[in-house]
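Student: Residue numbers (my numbering): 3 to 190.
All C-beta atoms, glycine included, are put in the ideal place defined by N, C-alpha and C.
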Ligand code: AMP
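(1) Under the criterion of a Cβ to heavy atom distance below 7 Å, does residue 55 qualify as lining the ligand AMP?
(2) Taking only three categories from DSSP, how would you classify residue 141?
(3) Taking the CB atoms as reference points, tell me whether residue 92 and residue 157 lie closer together than 8 Å.
(4) Residue 2 to residue 71, Cα distance in whole Å?
(5) Whose C-alpha, out of 25, 75, 99 and 182, is nearest the C-alpha of residue 113?
(6) Of the residues 115, 178, 146 and 179, which one's Cα is nearest the Cα of residue 162?
(7) Please confirm if the region 29-39 is in contact with the region 85-103, defined as three or more CB-CB distances below 8 Å between the two stretches.
(8) Any heavy atom of the ligand AMP within a distance shorter than 7 Å of the CB on residue 122?
(9) List in chain order: all unbroken alpha helix (DSSP H) runs of 4+ residues lying wholly within the region 147-181.
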């Protein structure tokens, strides 16, 4: 069974690789960003609150994220899954660890895609034109990157220290196909 986490700053290519690898392994791709963006389409108070937080580049509350992820993972536990964009805080990683332990499940691969700020800024600006995401603009990119440095990097470092045997570093400045090839080699 493949239970995989992808880490990396916004624009590193996590979503692209997670999608390719989930199709390759025929397992679910749980992108919390995509799930939240779908919720923005609802005409309710939660959607309004989420829109405010996400368009500013800040993180949505741990409670909302933990509840979204646990409700999805319950259905995935015997097939395997890829987490893309979660856990992003230490609270989320604690929740995930406990959730997996309680369901006698565990993460077995962690991929950390790193890339420098200049490359990802250019990529995000390009994506903003293609996907018209209102959190992909120059004002918000810095906030999203800071959230990554201040919160999420602590989470990936935590996993790296605790589970070095599961943890693989990837160079996000390589071509998409090259990164995919490296991931497939690791999974074999
Ligand atoms: P992404 O598409 O993964 O870059 O996520 C887009 C936005 O959704 C982020 O900037 C956050 O506002 C929100 N988001 C996605 N995943 C999480 C998470 N695990 N924790 C908190 N906020 C999240």
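Tutor: Considering the structure as presented:
(1) Locating residue 55 in the chain shown gives position 53, where the first residue counts as 1. Relative to the non-hydrogen atoms of the ligand AMP, the Cβ of residue 55 comes within a distance shorter than 7 Å of at least one.
(2) The sequence position of residue 141 within the chain shown is 139, counting from 1. Reduced to three states, the DSSP call for residue 141 is helix.
(3) For this step, residue 92 is matched to residue 90 along the chain shown. For this step, residue 157 is matched to residue 155 along the chain shown. Taking 8 Å as the cut-off, the Cβ atoms of residue 92 and residue 157 count as close.
(4) As shown, the chain starts at 3 and ends at 190. That puts residue 2 outside it, with no answer to give.
(5) As a position in the chain shown, residue 113 is number 111, starting the count at 1. Of the candidates 25, 75, 99 and 182, the one whose C-alpha sits nearest the C-alpha of residue 113 is 182.
(6) In the chain shown, counting from the first residue as 1, residue 162 sits at position 160. Closest by alpha carbon: 115.
(7) yes
(8) Locating residue 122 in the chain shown gives position 120, counting from the first residue. No; taking the cut-off as 7 Å, the Cβ of residue 122 has no heavy atom of the ligand AMP nearer than that.
(9) 155-164
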